[in-house]
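J.:
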């Protein structure tokens, strides 16, 4: 069956999230749910993060991943999902905005 | 996300089944919907639309916001014929993200020396496809020019409703092929789906350029999902 599995599955964030979960790690899943303008990653893209800050996947071209990983730590601690928004209109744009000028909403939730 | 949802979703994805993860953005609850599962009401319409378009997004139903994340199987490209065009197509398809398989019973053509790092099957299409069946998320390009090899694969592609079916050959060659497939029981309407002469019309001359044209056609079929009438299912 191995040749039925797409080669990208090795780096597939949701497959990795399941592996981490099975290994007993706390996992947060971040998902791009909306985009406006030019956004680097399409709606549905995932970044998965564990309690030690390890992450796989992406929600942007590397512009906001750091901020999402930081928020994920809080989401893991509290258990409550959060909606994050990034873009040039955001007051944090200077620090973690999208240089492409787009705007994205990222839903961050705990697995389990 | 519910751990059971993640396991169910990943299991469907491993089996090359289309699935949607439906998340209520208000309370965070989610569930997995497989293609063919019935979902009632307005949400059901949005689910059906999402499966059709392959596009993920947020929908509002009765003041509640739901996120539909559509997971379609990774596209595969099955090439019949370990020919010169296929040698150029193999690395290009890989770069474009397609899972590529090449089938050709002629062992002189289908040699690992000619196709390094490619899933290559030196056997008849019927044998290779019995082990790894075609499906709606697979494109098939028949490039041998040899009816003995191409025709059975084309017939299998119609049966599996491959999202793209292309065949190499001049208009004259193609007209003969259509007659043969009709005689073999393929419906005339289905035969109109064959992309022939194969590939986007970019004036391709060399094998590598034809490979670009073929890959372009396959990508167009994948991204429009038959909506532009470019040799695709309606």
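Residue numbers (the numbering used here), protein chains in the order written: chain W, 1 to 112; chain H, 113 to 346.
Idealized CB from N, CA, C, for every residue including glycine.
With respect to the beta strand (DSSP E) encompassing residue 178 of chain H, which residues constitute its N-terminal and C-terminal limits?
T.: If you number the second chain from 1, residue 178 of chain H lands on position 66. Unbroken beta strand (DSSP E) run through residue 178 of chain H: 176 to 183.
J.: Suppose the cutoff is 6 angstroms on Cβ atoms and the five residues either side in sequence are ignored; what does the same chain contact list for residue 231 of chain H look like?
T.: In the second chain, counting from the first residue as 1, residue 231 of chain H sits at position 119. 213.
J.: On the DSSP letters alone, give me the boundaries of the alpha helix (DSSP H) that residue 323 of chain H sits inside.
T.: In the second chain, the residue the question calls residue 323 of chain H occupies position 211. That run of the alpha helix (DSSP H) goes 319 to 336.
J.: Cβ closer than 8 angstroms: which chain W residues qualify as neighbours of residue 115 of chain H?
T.: Here the question's residue 115 of chain H lines up with position 3 in the second chain. By Cβ distance, chain W contributes 21, 111, 112.
J.: Give me the DSSP bridge partner(s) of residue 233 of chain H.
T.: For the purposes of this step, residue 233 of chain H is taken as the residue at position 121 of the second chain. Its beta-bridge partners are H:215.
J.: I want to verify the contact list: residues of chain W whose CB lies under 7 angstroms from the CB of residue 170 of chain H, in sequence order.
T.: Locating residue 170 of chain H in the second chain gives position 58, counting from the first residue. 33, 34, listed in chain order.
J.: Could you please give me the residues that DSSP links to residue 150 of chain H through a beta bridge?
T.: Numbered from 1 along the second chain, position 38 holds the residue referred to as residue 150 of chain H. Residue 150 of chain H is not bridged to any residue.
J.: Apart from the five residues just before and just after residue 69 of chain W, which ones in its own chain have a Cβ nearer than 7 angstroms to its Cβ?
T.: Numbered from its first residue, the first chain carries residue 69 of chain W at position 69. Closer than 7 angstroms at the Cβ level, and outside the excluded window around residue 69 of chain W, lie 49, 53, 55.
J.: Can you pull the chain H neighbours of residue 121 of chain W, defined as C-beta to C-beta under 7 angstroms?
T.: Residue 121 of chain W lies beyond the stretch modelled for chain W, which goes from 1 to 112, so this question has no answer here.
J.: Determine which residues of the segment 118 to 144 of chain H have a Cβ less than 8 angstroms from any Cβ of chain W, and write them out in chain order.
T.: For the segment 118 to 144 of chain H, which is checked against every Cβ of chain W, the residues closer than 8 angstroms are 118, 119, 121, 122, 125, 126, 128, 135, 137, 140.
J.: In chain order, which beta strand (DSSP E) runs of at least 3 residues are fully inside the segment 40 to 96 of chain W?
T.: List check, beta strand (DSSP E) in window: 46 to 50, 55 to 57, 82 to 87.
J.: Does chain W have any CB closer than 7 angstroms to the CB of residue 163 of chain H?
T.: Within the second chain, numbered from 1, the residue matching residue 163 of chain H stands at position 51. So no, residue 163 of chain H is outside the interface.
J.: Taking Cβ-Cβ distances below 9 angstroms as the criterion, which residues of the segment 299 to 312 of chain H are in contact with chain W?
T.: So the list is empty, because no residue satisfies the distance condition.
J.: Give me the chain W residues within the contact set of residue 290 of chain H, using Cβ-Cβ distance strictly less than 7 angstroms, ordered along the chain.
T.: Within the second chain, residue 290 of chain H is the residue found at index 178, counting from 1. Residues of chain W passing the Cβ test: none, with the nearest at roughly 31 angstroms.
J.: Under 7 angstroms between C-beta atoms, does residue 106 of chain W make it to chain H?
T.: The residue given as residue 106 of chain W occupies position 106 in the first chain. Residue 106 of chain W does not count as touching chain H.
J.: Can you check whether the CB of residue 334 of chain H is closer than 7 angstroms to the CB of residue 203 of chain H?
T.: For the purposes of this step, residue 203 of chain H is identified with residue 91 of the second chain, where counting begins at 1. For the purposes of this step, residue 334 of chain H is identified with residue 222 of the second chain, where counting begins at 1. No. Outside cutoff.
J.: Between residue 275 of chain H and chain W, is the shortest Cβ-Cβ distance under 7 angstroms, so that the two count as touching?
T.: Position 163 of the second chain holds residue 275 of chain H. Residue 275 of chain H does not count as touching chain W.
J.: Where does residue 37 of chain W fall in DSSP's three states?
T.: Your numbering for residue 37 of chain W matches position 37 in the first chain. If DSSP states are grouped into helix, strand and coil, residue 37 of chain W belongs with coil.
J.: Kindly indicate the opening and closing residues of the beta strand (DSSP E) around residue 273 of chain H.
T.: Position 161 of the second chain, counting from 1, holds the residue named residue 273 of chain H. It is not in any beta strand (DSSP E) - residue 273 of chain H carries neither H nor E in the DSSP assignment.
J.: What did DSSP end up calling residue 186 of chain H once you bin it into helix, strand or coil?
T.: Your numbering for residue 186 of chain H matches position 74 in the second chain. Residue 186 of chain H falls in the coil class under three-state DSSP.
J.: If I follow the unbroken alpha helix (DSSP H) through residue 287 of chain H, where does it start and stop?
T.: Residue numbering aside, residue 287 of chain H sits at position 175 when the second chain is read from its first letter. First-last of the alpha helix (DSSP H) with residue 287 of chain H: 283 to 295.
J.: For residue 192 of chain H, which three-state DSSP category applies?
T.: For the purposes of this step, residue 192 of chain H is identified with residue 80 of the second chain, where counting begins at 1. Residue 192 of chain H: strand per DSSP, three-state reduction.
J.: Leaving out the 5 sequence neighbours to the left and right, which residues in its chain are closer than 8 angstroms to residue 264 of chain H when beta-carbon positions are compared?
T.: Within the second chain, residue 264 of chain H is the residue found at index 152, counting from 1. Closer than 8 angstroms at Cβ, skipping near neighbours: 236, 237, 238.
J.: Please report how far the alpha carbon of residue 317 of chain H lies from the alpha carbon of residue 86 of chain W, in whole angstroms.
T.: For this step, residue 317 of chain H is matched to residue 205 along the second chain. For this step, residue 86 of chain W is matched to residue 86 along the first chain. Computed Cα separation, rounded: 47 angstroms.
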